[in-house]
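Chemist: Okay, so the sequence shown: first residue is 2 according to this note's numbering, each after it adds one.
Handing you this structure, nothing more for now.
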Amino acid sequence: MYIQHTYAMIRGKGTEMASLYLSSEQWIDEQGYARDTFEDFIIETCHPMDNLRPPKVQKAQGEEVIG
Numbered sequence: 002m003y004i005q006h007t008y009a010m011i012r013g014k015g016t017e018m019a020s021l022y023l024s025s026e027q028w029i030d031e032q033g034y035a036r037d038t039f040e041d042f043i044i045e046t047c048h049p050m051d052n053l054r055p056p057k058v059q060k061a062q063g064e065e066v067i068g
């Protein structure tokens, strides 16, 4: 096994993707690094488990919720 590439990582909200991407590109340039190619990149997203749970359903008086 060997290391073929290195990468930069930044953290933030998905709604700020453009800003995050520009910030990481600026940091890479400031550090004197260069990308191998401008055609390829990796975006990895992680989501808290709370976002994967179905929403709680409130039932009305006498109503049965199935599911």
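Note that beta-carbon positions come from the ideal geometry of N, C-alpha and C, so glycine has one too.
I'd like the span of the alpha helix (DSSP H) that includes Asp30, first residue to last.
Modeler: Run containing Asp30: 18-31, per the alpha helix (DSSP H) assignment.
Chemist: I want to check one thing, is the minimum distance from the CB of Ser24 to the heavy atoms of the ligand PLP below 7 Å?
Modeler: Looking at this structure, you won't find the ligand PLP or any other ligand, since it has none at all.
Chemist: Give me the Cα-Cα distance between Lys14 and Gln27, rounded to the nearest whole angstrom.
Modeler: Cα to Cα, Lys14 sits roughly 18 Å from Gln27.
Chemist: Can you look up Gly13 in the DSSP assignment and give me helix, strand or coil?
Modeler: DSSP places Gly13 in coil when its eight states are reduced to three.
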